[in-house]
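A.B. asks:
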Amino acid sequence: MIVECKLCGNKFESSEAEEIECNCGCGGENVLCPNCGYEVRLPRTGMPKKVKKEEDMGFFGKVMSALRMGN
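In the working numbering, the protein residues as written are 3 to 73.
1) When the Cα of residue 44 is compared with those of 23, 37, 61, 38, which residue comes out closest?
2) Per DSSP, what kind of secondary structure is residue 6 in: helix, strand or coil?
3) Comparing C-alpha positions only, which one of 60, 21, 46, 13 sits nearest to residue 37?
4) Taking only the alpha-carbon atoms, compute the straight-line gap between residue 64 and residue 20 and give it to the nearest angstrom.
5) According to the neighbour-count rule (16 or more other Cβ atoms, all chains shown, within 10 Å of its Cβ), is residue 7 buried or exposed?
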């Protein structure tokens, strides 16, 4: 996958760059730009988001879900 560095504008192949884990806790993956060394976040693939079940949500989550549904 071709990614573009937001700092220097260099376009490069993500498979050829050095992969590093994001340290902010989001679980994302970053690669280092081979030109300037800036961390470039890899876009998420077409994986669908995990839908939370009502059992997994707390009280506030259930209320927000009900308000979104219009019930």
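Note that CB positions come from ideal geometry on N, CA and C, so glycine has one too.
C.D. replies: In short:
1) 23
2) strand
3) 13
4) Straight-line Cα distance between these residues: approximately 42 Å.
5) The residue is buried, with at least 16 neighbouring Cβ atoms inside 10 Å.
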